[in-house]
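43 is the number of the first residue of the sequence shown in the numbering used here; add one for each residue after it.
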Amino acid sequence: MNGALQQLGQSPAAVVRLTLPAWKPDPRAGKKPEGDWHKLPDSFIGALKTAEPFVGRNHGVLLDSECAYATDNCVLIEIELGGAVPSATIPHWLIRHLIKLSVSPSQMCVSSRSIAFAWEDGSWVESAPCSALPANVIAKFEEWHEPHWEMTAAWKKEFRAIAKVSDETIILGPDHIRGGRGQLSMSSAVEIPVAEGTVWNPVVLGRVIKVAERIDFSSWPDPACFAFSGGRGFVVGKN
43 MNGALQQLGQ SPAAVVRLTL PAWKPDPRAG KKPEGDWHKL PDSFIGALKT AEPFVGRNHG
103 VLLDSECAYA TDNCVLIEIE LGGAVPSATI PHWLIRHLIK LSVSPSQMCV SSRSIAFAWE
163 DGSWVESAPC SALPANVIAK FEEWHEPHWE MTAAWKKEFR AIAKVSDETI ILGPDHIRGG
223 RGQLSMSSAV EIPVAEGTVW NPVVLGRVIK VAERIDFSSW PDPACFAFSG GRGFVVGKN
């Protein structure tokens with residue numbers, strides 16, 4: 043994972059079996075989805091909301107045992123689900139659909155041809171699954187280490203202020219945050235535990251900073267490890 047993260051495969055065309063949130067079976071739906079139904083943990087939709095900003099185009103969120111994984115090729119993230127679920131990759135369109143609804147699904151089932159979610163009233167939605175996230179990407183977490191530098195609210199505020207006026211590059215550390223656009227240059231005196239300035243994309247890092255609580259910038263130009271309550275990940279810097 044040097045400069046980029048492994049991509050997910052392309053998603054097959056999805057098939058919606060129920061129009062939501064009407065909560066009435068679609069007469070065109072035919073029989074219910076194949077497979078056994080499994081109860082979803084209460085934190086399931088919350089995990090999808092955390093993962094969604096890191097899903098790349100035509101990608102999805104991988105469910106594997108008790109964790110969810112997502113990548114946009116610059117960030118790889120793992121989120122604890124709070125319980126075991128069937129292994130599958132949820133298409134991005136379906137993730138967006140589920141998290142915008144006011145009522146969360148209570149069950150899911152998976153077969154070789156479909157992935158489906160159901161609600162307490164019996165309504166359900168079905169889709170073809172995405173291609174799976176390659177196993178070697180998940181294996182990247184074998185290299186993850188606990189970061190110890192905490193990003194305070196004050197530090198995040200300084201970063202966001204400079205990121206707003208920065209183009210594709212922002213410099214972090216060891217004693218400043220620096221960025222700019224055109225003839226405009228901004229800098230803030232902030233200490234960061236790195237030996238020399240590290241280079242980042244402000245948009246990519248900005249998404250990480252919204253969720254991350256701790257990070258290790260010292261590994262740059264290799265991906266930086268970050269952590270938050272219930273999750274962890276990697277983010278790639280600019281060489």
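C-beta: ideal position from N, C-alpha, C; glycine also.
CA-to-CA distance, residue j to residue i, given in whole angstroms
i: ASP264; j: VAL278; result: 7 angstroms
i: VAL57; j: ILE180; result: Low confidence applies to VAL57: its pLDDT is 34, below 50, so where it sits in the model is not reliable enough to give any reading.
i: PHE276; j: LEU90; result: 18 angstroms
i: PHE270; j: LYS252; result: 10 angstroms
i: GLY248; j: ILE219; result: 13 angstroms
i: VAL18; j: ALA231; result: In the structure as shown, the chain starts at 43 and stops at 281, and residue 18 therefore has no counterpart that could be examined.
i: GLY39; j: ALA93; result: What is shown of the chain runs 43 to 281, which leaves residue 39 out entirely.
i: LEU82; j: LEU226; result: 50 angstroms
i: SER208; j: SER229; result: 11 angstroms
i: LYS280; j: ASN243; result: 7 angstroms
i: PHE96; j: LYS74; result: 31 angstroms
i: GLU233; j: CYS109; result: 34 angstroms
i: THR131; j: LEU175; result: 8 angstroms
i: GLU162; j: VAL145; result: 10 angstroms
i: ASP84; j: GLY239; result: 42 angstroms
i: ASP106; j: GLY224; result: 45 angstroms
i: THR211; j: GLY221; result: 7 angstroms
i: VAL113; j: GLY164; result: The question names Val, but residue 113 is Thr in the sequence shown. Rounded to the nearest angstrom, the two C-alpha atoms are 32 angstroms apart.
i: LYS199; j: PRO189; result: 20 angstroms
i: PRO171; j: PRO133; result: 6 angstroms
Residue i and residue j closer than 7 angstroms at C-beta
i: MET150; j: HIS80; result: yes
i: VAL241; j: PRO216; result: no
i: SER156; j: GLU168; result: yes
i: VAL117; j: VAL245; result: no
i: TRP197; j: CYS267; result: no
Residue range of the unbroken beta strand (DSSP E) whose run includes residue i
i: GLY88; result: It is not in any beta strand (DSSP E) - GLY88 instead sits in the alpha helix (DSSP H) that spans 86-93.
i: GLU122; result: 117-122
i: PHE276; result: 273-277
i: GLU200; result: No beta strand (DSSP E) contains GLU200, which is instead part of the alpha helix (DSSP H) from 195-205.
i: ILE219; result: 219-223
i: PRO128; result: No beta strand (DSSP E) holds PRO128; DSSP gives it neither H nor E.
i: ILE212; result: 212-214
Residues sharing a beta bridge with residue i, DSSP
i: SER227; result: GLY222
i: VAL152; result: ILE157
Residue i, enclosing alpha helix (DSSP H) - first and last residue
i: GLY248; result: 244-253
i: TRP135; result: 134-142
**Request:** Give a yes or no on contact between the region 114-123 and the region 139-149, applying the rule of three or more CB pairs nearer than 8 angstroms.
**Result:** In short, these stretches do not touch, since the Cβ pair count stays below three.
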